[in-house]
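Undergrad: One structure coming up, written as C-alpha cells, with questions to follow.
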C-alpha cells in the first residue's frame with residue numbers, strides 16, 4: 003500500500019507541471035483572491051486548525067520599474083479568520099481563534115512557483131465555557147503582530163496551492179497547506 007501511495011504521489015508531482023500554464027508574472031492590480039487552509043497549530047490537545055482568507059492586489063508588477071527585483075513584486079491586502087483549535091473536557095470547552103489583516107508581498111520565482119511574506123495585525127481570542135457553572139466562563143483577547151511566509155505552486159493562472167507558516171499574538175503559530183483561487 004505504501005508503494006502504491008508513493009508511486010501515485012510521485013506521478014502527480016511529475017505530471018502536474020505539464021498542466022501549469024501560468025506565465026509567472028506577479029498578480030496585476032485589482033486581482034482578488036480567496037483561499038482555505040488547514041494545518042497544525044500549537045494549541046494544547048487540539049493540534050489541527052483551519053482558516054479562510056481573501057485579498058485584493060494593490061501593487062502590481064512594474065510599479066517599481068527602476069529595480070529588476072521590485073518590478074516583479076505584487077502586494078495584496080489580506081484579511082483572514084483562523085480557528086487555532088478547540089478542546090472539550092467533561093467540565094468545559096476551550097477554543098482559540100484569530101482574525102486579522104496583513105500586507106502580503108509575492109515574488110514569482112519561475113512559472114510554477116512563487117514566494118510570499120506577510121505582516122500585519124491580528125486579534126487572538128481564548129474562550130473557556132464551563133459546562134457546570136457559568137461563573138467560571140472567561141474570554142481573553144490579545145492584539146499584536148501577525149506574520150508569515152509561504153511557498154506557492156501555481157496549477158494555472160487562477161488556482162494555486164500553498165505551504166506556509168504563520169505566527170499570531172499570544173504565542174500561537176500554524177503550519178498549513180492551503181488552496182487559493184484568483185478571480
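Numbering (the numbering used here), first residue to last: 3 to 185. C-beta: ideal position from N, C-alpha, C; glycine also.
1. Go through its chain and collect everything with a Cβ distance to residue 2's Cβ below 6 Å, but skip five positions before and after it.
2. So what does residue 30 bridge to, in DSSP terms?
3. Find out if the Cβ-Cβ distance for the pair residue 102, residue 122 is shorter than 8 Å.
4. For residue 110, name the three-state secondary structure that DSSP assigns.
5. State the Cα-Cα distance for the pair residue 23 and residue 154, rounded to the nearest angstrom.
6. Helix or strand or just coil, what does DSSP make of residue 169?
7. In three-state DSSP terms, what is residue 138?
8. Within a Cβ cutoff of 6 Å, which residues of the same chain sit near residue 138, ignoring the five residues on either side of it in sequence?
9. From this set, 185, 176 and 184, which residue's C-alpha is nearest residue 39's C-alpha?
10. In angstroms, rounded to a whole number, what distance separates the CA positions of residue 85 and residue 174?
11. Within 10 Å of its beta-carbon, does residue 148 have 16 or more other beta-carbons around it, so buried, or fewer, so exposed?
12. Which residue from 46, 169, 112 and 160 puts its Cα closest to that of residue 104?
TA: Result, derived from the coordinates:
1. A query on residue 2 cannot be resolved here, the shown segment of the chain reaching from 3 to 185 and no further.
2. Answer is none; residue 30 lacks a bridge partner.
3. A contact, by the Cβ cut-off of 8 Å.
4. Residue 110 falls in the strand class under three-state DSSP.
5. Residue placement at residue 23 is poorly supported in this model, since its pLDDT is 44, which falls under 50; the coordinates are not used for a value here.
6. Residue 169 falls in the strand class under three-state DSSP.
7. In the structure shown, the three-state DSSP call for residue 138 is helix.
8. Contacts found: 132.
9. Nearest to residue 39 by alpha-carbon distance, out of 185, 176 and 184, is 176.
10. About 11 Å.
11. Around the beta-carbon of residue 148, 16 or more other beta-carbon atoms lie within 10 Å, marking it buried.
12. The alpha carbon of residue 104 has as its nearest neighbour, out of 46, 169, 112 and 160, the alpha carbon of 169.
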